[in-house]
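Asker:
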Amino acid sequence: MLNFSKINVLIIYFLFFIISIFSLLNFQNKDNQIIEKKINLGLDLQGGSYLLLEINSDNLIEEKIQSKVIPIKKLLKDNDINYNNFKINSKSLSLSLDNIEKFDLLFNSRKNNLVNPYLDNYRSYELGYKKISNKEIEIFFSKFGLLTINNSALKQSIEIVRRRIDDVGTKEPTILQRGEKRILVELPGLKDPERIKALLGKTAQLNFRLVSENNNEFGVEELISENGEKLNISKRIIMSGENLIDAQPSIQNQNNEPTVSFTLDRLGSQKFGRATTDNVGKRLAIVLDGEIVSAPNINEPITSGNGMISGNFTFQEATDLSLLLRSGALPTPLLVVEERTVGPDLGEDSIKSGITSLIVGFILVIAFMLYKYRVFGLIANAALIANLLMLVGVLTILEATLTLPGIAGIILTVGMAVDANVLIFERIREELKTEKSIIHAFDTGYTRAKITVLDANITTLIAAVILFAFGSGPVKGFAITLGIGIVTTLFTAYFLARHLTSLIVLNTKNKEIKI
Amino acid sequence: MTNFNFSSKFKYANILSLILFALSVILIFFKGLNYGIDFKGGTLIELRSNNIEAALIRDTLKNMNLGDVNVKKFGKEGDFLIKVEQKEDNNKLIPEIKKNLSESLNSEVNFRRVENVGPKVSAELLQSGIIAISLSLAAMLFYIWVRFEWQFSIGSIVALFHDVIITLGIFSLLSLEINLSIIAAVLTIVGYSMNDTVVIYDRIRENLGKYHKLDISNIANLSINETLSRTIITSVTTLLALFSIFILGGEILRGFSFAMILGVLIGTYSSIFVASPILKFFKVSYKTLEKEEEKIVP
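In the order they appear, the protein sequences are chains L and H.
Residue 507 is where the first sequence ends in my numbering, and the numbering goes up by one at each step.
Residue 301 is where the second sequence ends in my numbering, and the numbering goes up by one at each step.
In structure tokens form, the structure reads like this:
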């Protein structure tokens, strides 16, 4: 175990230097980087916000099932199937039919089925039905139908969340899908996430609807306007936010009031122009997420495709509203189900205390090893320093994220890394008692300790891997440093330290060696 | 080499372990664990401000009717940690609390840390924590079973249970908070304790092959003594590192490093006084190893 071929020595030190050099990349000048690799600081160290958002597709499913009502009725009528008792439930439709067999053929037909499309990728129809009694059936979304609705809502939400966050202009945001219903948002450096949370908390479904004088009319709902007035608003939507191409905050010249001016696309301009021409003198309600923003009088037809929303805004509100309108409406409301925000000063404090405890722990361990093993303590300590350099180097190569528990993992590695060398040295001590040849004693010591060192480290590695798989955020950072630390520990103990030991042992020949 | 007679103390140590284990189980079941917001859900706010009293913060929050509110000093003078229980997701809660506190404290308030975990997420985090610990125990069981014989596997798992339960028992006794980093600590303890046990087991296996005439008590005794120096040195260096984190690493790492310190102490004890006696209980001898070899060799 003490004989190294030249090529082996070369490989060992080459690996060590290459990996260690990467650790230096973290100290290079930001403007003048040779290789753009460095360890990223986790949100708990650099400050920032972590948000976990969840979509709620219940409303969407309700809406979607309602949108099936007319097509289904039309399908039945066109094919002379009589029906009655048509009921719209929250997530299903129920009705009585006189000819279920005929309905079944139409409903489950793959060709040209607009009512109940066949989802090729799932090999399933969008809708399914079950018989409640002889004549009555209930129609609902199939498992994959629901999944399709959910997935498209999630994708769309991620896109809109990204647009809104980009528009606010935070640095390097991370926006990722997490599972089937969640979106993970990381905003490094953000001190106060309340504005972004407020912006993400609004679906921003905007529509323009006429104010009706007649409150008994069918298709009217009562909403409360911005100044507390109860208004009857027609359910018929003249135009919705989808037709907006742009929205910007502006100051109205007459009274310095902040407003939002918007530009419509061609279709929107046509709809808006027609509606305003036909209804001059009436009031037009601008409804955002079911609340009236304002309900101005239509003084003259607006055909230019440009308009303005006023509603006693502050300039900030006008800015936020235009941002929301520009980015488009979210398909479902988003709920913040988890939030972790760390202020920048706490992050700095954490880095400071983390580094301090690392240095102190390191010095204590080094001093203890020197005291215990003298010359071989030096070797163990050289291995320990090499270990740290390599650990930081590997973290840099992987561009891993360093968290506060991650720093704890490095300190713990320092404490536990010497174990490999301790196991070996203690074994050699024992061998020296019975073995006459010193070289032989060292050799057997390394050989015999090898299995124990491996067994002992693999158990910790198992714990680190499981922690990595199940941990989240900061804890994952701990698992990473602990796991990589074990690998670098094995390398430094079994290659570097062994080579250094062999140099000493082979050079002193069979003179007295104390360990 | 030391020559302590460990095996003569096995009986007393086992009685002590059983009592501690039983007390811990009783504590965990009846007093319960003090789950942090990671596992219980709720809101945590760490704030820094000059010249304010905990009572003022408490009064302000009490007026908001938030339910269970906990305010305590946290580290330096002027630093406070606020915990608010929360039964359902409410996105408006944090801005409201911040606004009210800023207004009533009447001085610059620095919100250093805000965490909010909804009920669904906290339930999931708890579940994945339990799965992670169970899985790590199972993985250790399997690893030792592959590397050693089944008697060793059971011995090491009993020692691990012993360590985890007693650590949690002490956390329950002292009402210390269980959060995500404590789960990380427990998993690391599992790894560390296993590491310690494996070193002694390796030596026991080796000595069983070497000295056919010694019985398991003597073999265990010999092996523990032979590895004792290593056991102590490694525990000391690990504890040096951990105390450094505990004292200098700041408030956030305090619970984590405390759990680890407990775990290292208990884990070291258990590999000597729990894992080894179990081999005696199973009457492990060199014949156990031979049987195993016959199984593998052909």
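The beta-carbon is built from N, C-alpha and C at its ideal position, and this holds for glycine as well.
Residues of the stretch 71 to 100 of chain H with a CB closer than 8 angstroms to any CB of chain L: list them in chain order, please.
Answerer: Asp92, Asn94, Ile97, Pro98
Asker: Residues of chain L with a CB under 7 angstroms from the CB of Lys123 (chain H): which are they?
Answerer: Within the second sequence, residue 123 (chain H) is the residue found at index 120, counting from 1. Residues of chain L passing the Cβ test: Val329.
Asker: With which residues is Ser41 (chain L) paired in a DSSP beta bridge?
Answerer: Position 49 of the first sequence holds residue 41 (chain L). Under DSSP, Ser41 (chain L) takes part in a beta bridge, and its partners are L:Leu179, L:Thr333.
Asker: Going along chain H in order, which residues have a C-beta closer than 7 angstroms to the C-beta of Gly475 (chain L)?
Answerer: In the first sequence, counting from the first residue as 1, residue 475 (chain L) sits at position 483. Simply none; closest approach about 10 angstroms.
Asker: Counting only beta-carbon separations shorter than 7 angstroms, does Leu292 (chain H) have a partner in chain L?
Answerer: By 1-based counting over the second sequence, the position of residue 292 (chain H) is 289. Chain L contact via Cβ: absent.
Asker: What number of angstroms, rounded off, separates the C-alpha of Ala287 (chain L) from the C-alpha of Phe77 (chain H)?
Answerer: As a working note, residue 287 (chain L) is residue 295 in the first sequence. As a working note, residue 77 (chain H) is residue 74 in the second sequence. Ala287 (chain L) and Phe77 (chain H) have their C-alpha atoms roughly 51 angstroms apart.
Asker: Whose Cβ in chain H lies nearer than 7 angstroms to the Cβ of Phe168 (chain L)?
Answerer: Within the first sequence, residue 168 (chain L) is the residue found at index 176, counting from 1. One point to set straight first is that residue 168 (chain L) is Leu, not Phe, in the sequence displayed. In chain order: nothing, as chain H lies at least about 16 angstroms away.
Asker: Can you check which of these residues, L:Gly475, L:Val467, L:Val414, L:Asn32, is closest to Asn182 (chain H) by C-alpha distance?
Answerer: To locate residue 182 (chain H), count along the second sequence from 1; it is residue 179. Ranking the options by Cα distance to Asn182 (chain H), first place goes to L:Val467.
Asker: For the beta strand (DSSP E) containing Asn88 (chain L), list its first residue and its last residue.
Answerer: Residue 88 (chain L) sits at position 96 when you count from the first residue of the first sequence. The identity of residue 88 (chain L) in the sequence shown is Ser, whereas the question assumes Asn. Per DSSP, Ser88 (chain L) belongs to the beta strand (DSSP E) from 84 to 89.
Asker: Going by DSSP, name the residue or residues bridged to Gln240 (chain L).
Answerer: What you label residue 240 (chain L) is simply residue 248 of the first sequence in a count that begins at 1. L:Ser253, per the DSSP bridge assignment.
Asker: What would DSSP say about Leu498 (chain L), mapped onto helix, strand or coil?
Answerer: Along the first sequence, one-based indexing puts residue 498 (chain L) at 506. In this structure, Leu498 (chain L) counts as helix in the three-state DSSP scheme.
Asker: Determine, using beta-carbon pairs with one atom in the stretch 253 to 267 of chain H and one in the stretch 396 to 403 of chain L, whether at least three such pairs fall under 8 angstroms.
Answerer: With a cut-off of 8 angstroms, the stretch 396 to 403 of chain L and the stretch 253 to 267 of chain H count as touching, because enough Cβ pairs lie within range.
Asker: Which residues in chain L have a C-beta closer than 7 angstroms to the C-beta of Lys143 (chain H)? List them in chain order.
Answerer: Start at 1 with the first residue of the second sequence, and residue 143 (chain H) comes out as number 140. Correcting the residue type first, residue 143 (chain H) is Met in the shown sequence and not Lys. What Met143 (chain H) touches in chain L: Thr451, Ile454.
Asker: Give the interface partners of Leu190 (chain H) over in chain L, defined as CB-CB distance under 7 angstroms, in chain order.
Answerer: By 1-based counting over the second sequence, the position of residue 190 (chain H) is 187. Residues of chain L passing the Cβ test: Ala455, Ile458, Leu459.
Asker: Just how far apart, CA to CA, sit Ile31 (chain H) and Ser82 (chain L)?
Answerer: As a position in the second sequence, residue 31 (chain H) is number 28, starting the count at 1. As a position in the first sequence, residue 82 (chain L) is number 90, starting the count at 1. Approximately 44 angstroms between the Cα atoms of the pair.
Asker: Measuring only between beta-carbons, confirm whether Phe9 (chain L) sits less than 7 angstroms from chain H.
Answerer: Taking the first sequence and counting its residues from 1, the one referred to as residue 9 (chain L) is at position 17. By this cut-off, Phe9 (chain L) is not an interface position.
Asker: Go ahead and pull the three-state DSSP assignment for Phe285 (chain H).
Answerer: As a working mapping, residue 285 (chain H) is identified with position 282 in the second sequence. In the structure shown, Phe285 (chain H) sits in coil (DSSP, three-state: anything other than H, G, I, E or B).
Asker: So what does DSSP say about Arg115 (chain L), is it helix, strand or coil?
Answerer: For the purposes of this step, residue 115 (chain L) is identified with residue 123 of the first sequence, where counting begins at 1. The answer is coil: DSSP assigns Arg115 (chain L) none of H, G, I, E or B.
Asker: In the structure shown, what three-state DSSP assignment does Leu26 (chain H) receive?
Answerer: Sequence index remark: in the second sequence, residue 26 (chain H) carries index 23 (1-based). In this structure, Leu26 (chain H) counts as helix in the three-state DSSP scheme.
Asker: For Ala190 (chain L), report the span of its alpha helix (DSSP H) as first-last.
Answerer: The count along the first sequence starts at 1 and reaches residue 190 (chain L) at position 198. That run of the alpha helix (DSSP H) goes 186 to 193.
Asker: Any beta carbon of chain L sitting closer than 7 angstroms to that of Glu106 (chain H)?
Answerer: Locating residue 106 (chain H) in the second sequence gives position 103, counting from the first residue. With respect to chain L, the C-beta atom of Glu106 (chain H) has no partner C-beta closer than 7 angstroms.
Asker: So what does DSSP say about Lys90 (chain H), is it helix, strand or coil?
Answerer: Walking along the second sequence from the start, residue 90 (chain H) turns up at place 87. In the structure shown, Lys90 (chain H) sits in coil (DSSP, three-state: anything other than H, G, I, E or B).
Asker: Thr191 (chain H) to Ile496 (chain L), Cα distance in whole Å?
Answerer: By 1-based counting over the second sequence, the position of residue 191 (chain H) is 188. By 1-based counting over the first sequence, the position of residue 496 (chain L) is 504. Approximately 35 angstroms between the Cα atoms of the pair.
Asker: Got a sec: is the Cβ-Cβ distance from Ala400 (chain L) to anything in chain H below 7 angstroms?
Answerer: Walking along the first sequence from the start, residue 400 (chain L) turns up at place 408. Yes, Ala400 (chain L) lies at the interface with chain H (some Cβ there is under 7 angstroms from its Cβ).
Asker: Give, in chain order, every unbroken run of the beta strand (DSSP E) that is at least 3 residues long and sits entirely within the stretch 257 to 307 of chain L.
Answerer: 276 to 280, 283 to 286, 298 to 301
Asker: Mind checking Met4 (chain H): buried by the 16 CB within 10 Å criterion, or exposed?
Answerer: Here residue 4 (chain H) refers to the residue found at position 1 when the second sequence is read from its first residue. Result: exposed.
Asker: CB-CB under 8 angstroms to Phe261 (chain H), same chain, minus the five flanking residues each way: which ones, in chain order?
Answerer: Counting from one through the second sequence, the residue named residue 261 (chain H) turns up at place 258. Result list for Phe261 (chain H): Leu179, Phe249, in chain order.
Asker: Who are Gln169 (chain L)'s beta bridge partners in DSSP?
Answerer: Here residue 169 (chain L) corresponds to residue number 177 of the first sequence, with the count starting at 1. As DSSP reads the structure, Gln169 (chain L) sits in a beta bridge with L:Ile175.
Asker: Can you tell me which residues form a DSSP beta bridge with Gly120 (chain L)?
Answerer: Against the first sequence, residue 120 (chain L) aligns to sequence position 128. Gly120 (chain L) is bridged to L:Phe132.
Asker: Given a threshold of 16 other Cβ atoms within 10 Å of its Cβ, counted over all protein chains shown, does Phe470 (chain L) qualify as buried or as exposed?
Answerer: By 1-based counting over the first sequence, the position of residue 470 (chain L) is 478. By the neighbour-count rule (16 or more Cβ atoms within 10 Å), Phe470 (chain L) is buried.
Asker: If the cut is a Cβ gap below 8 angstroms, which residues of chain L does Leu171 (chain H) touch?
Answerer: Reading the second sequence from its first residue, position 168 is the one you call residue 171 (chain H). Here the premise fails: no neighbours, minimum Cβ distance about 16 angstroms.
Asker: Helix, strand or coil for Thr388 (chain L), going by three-state DSSP, please let me know.
Answerer: If you number the first sequence from 1, residue 388 (chain L) lands on position 396. In the structure shown, Thr388 (chain L) sits in a helix (DSSP, three-state: H, G or I).
Asker: Within the same chain, show all residues whose beta-carbon is closer than 8 angstroms to that of Val161 (chain H), passing over the 5 residues directly before and after it, in chain order.
Answerer: Looking up residue 161 (chain H) in the second sequence gives position 158. Same-chain partners within the cutoff: Val277, Ala278, Ile281.
Asker: Kindly indicate which residue of L:Leu191, L:Ile454, L:Leu459 has the alpha-carbon position closest to the one of Glu309 (chain L).
Answerer: Indexing the first sequence from 1 puts residue 309 (chain L) at position 317. For Glu309 (chain L), the nearest C-alpha among the options comes from L:Leu191.
Asker: Tell me Asp82 (chain H)'s beta-bridge partners as DSSP assigns them.
Answerer: Taking the first residue of the second sequence as position 1, residue 82 (chain H) is located at position 79. Asp82 (chain H) is bridged to H:Arg51.
Asker: Who are the near neighbours of Met(-7) (chain L) in its chain, counting only those whose CB is closer than 6 angstroms to its CB and skipping five residues on each side?
Answerer: Residue numbering aside, residue -7 (chain L) sits at position 1 when the first sequence is read from its first letter. Around Met(-7) (chain L): Asp435, Tyr438, Thr439.
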